[in-house]
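Student:
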Amino acid sequence: MTAKVRIDKWLWAARFYKTRALARDAIKGGKVQLNGTRVKPGKTLSIDDQLTIRKGEDEFQISVLDLGDRRVSAQLAQQRYEEDPASIERRETAIQKRRLDHQAHANRQRRPDKRQRRQIIQFTKQK
Numbered sequence: 002m003t004a005k006v007r008i009d010k011w012l013w014a015a016r017f018y019k020t021r022a023l024a025r026d027a028i029k030g031g032k033v034q035l036n037g038t039r040v041k042p043g044k045t046l047s048i049d050d051q052l053t054i055r056k057g058e059d060e061f062q063i064s065v066l067d068l069g070d071r072r073v074s075a076q077l078a079q080q081r082y083e084e085d086p087a088s089i090e091r092r093e094t095a096i097q098k099r100r101l102d103h104q105a106h107a108n109r110q111r112r113p114d115k116r117q118r119r120q121i122i123q124f125t126k127q128k
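Printed below as a string of C-alpha cells:
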C-alpha cells in the first residue's frame, strides 16, 4: 500500500480499465468523478473517497478502501473498494432490462430473405 496514488493508476490497478491510457481517457472525458466533481488523471486519491464511474451503460458508485497501485487478481482488486448497495441494484435492474429488450428484439418478425422470397413466389405462381 502506498501513501499517494494517482486516480488513473488506481482505476487500472482496481481493474476498472484494462490500461492506464483507457483510465486516463475516461477521466478526461468526464466518465469518472471524485466526490461528485470532475478531476484530472493526476489527482491523488485518499481512503474513503467516493468515486462515480460510468462504463458504457453501467454506473458504479464506490468508496475507496485501499490505495494499492499494483495490478492484482480480480478477487483481490475487488477488496480495494466497496460498491454502494443502491448502485449494485441499479446495475442489476439495468442488466435485466437489457436482457429483456434483447429477447424482445430477437423474436420479432423480419422481412423474408432471398430463399424465402423464392419460395413465396414459387408458391403463389402454382395457383
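Using the working numbering, read the sequence shown as starting at 2 and increasing by one per residue. Built from N, CA and C at the ideal position, the CB exists for glycine as well. Being a predicted model, the structure only gives us computed values, none of them experimental.
#1: With DSSP run on the structure shown, which of helix, strand or coil describes S64?
#2: Under the three-state reduction of DSSP, which class applies to T94: helix, strand or coil?
#3: Give me the DSSP bridge partner(s) of Q34.
#4: If I'm right that T45 touches R7 with Cβ under 8 Å, what's the distance once you round it to whole angstroms?
#5: When the distance is taken between beta carbons, is V33 closer than 8 Å to D49?
Tutor: The answer reads as follows:
#1: Looking up residue 64 in the sequence shown gives position 63. In this structure, S64 counts as strand in the three-state DSSP scheme.
#2: Translated into the one-based positions of the sequence shown, residue 94 becomes position 93. The answer is helix: DSSP assigns T94 an H, G or I state.
#3: On the sequence shown, residue 34 is found 33 positions in, with the first residue counted as 1. Partner(s): R39 and T53.
#4: Position 44 of the sequence shown, counted from the first residue, corresponds to residue 45. Position 6 of the sequence shown, counted from the first residue, corresponds to residue 7. About 6 Å separates the two Cβ atoms, so the contact holds.
#5: As a working note, residue 49 is residue 48 in the sequence shown. As a working note, residue 33 is residue 32 in the sequence shown. Their beta carbons are not under 8 Å apart, which means D49 does not touch V33 by this criterion.
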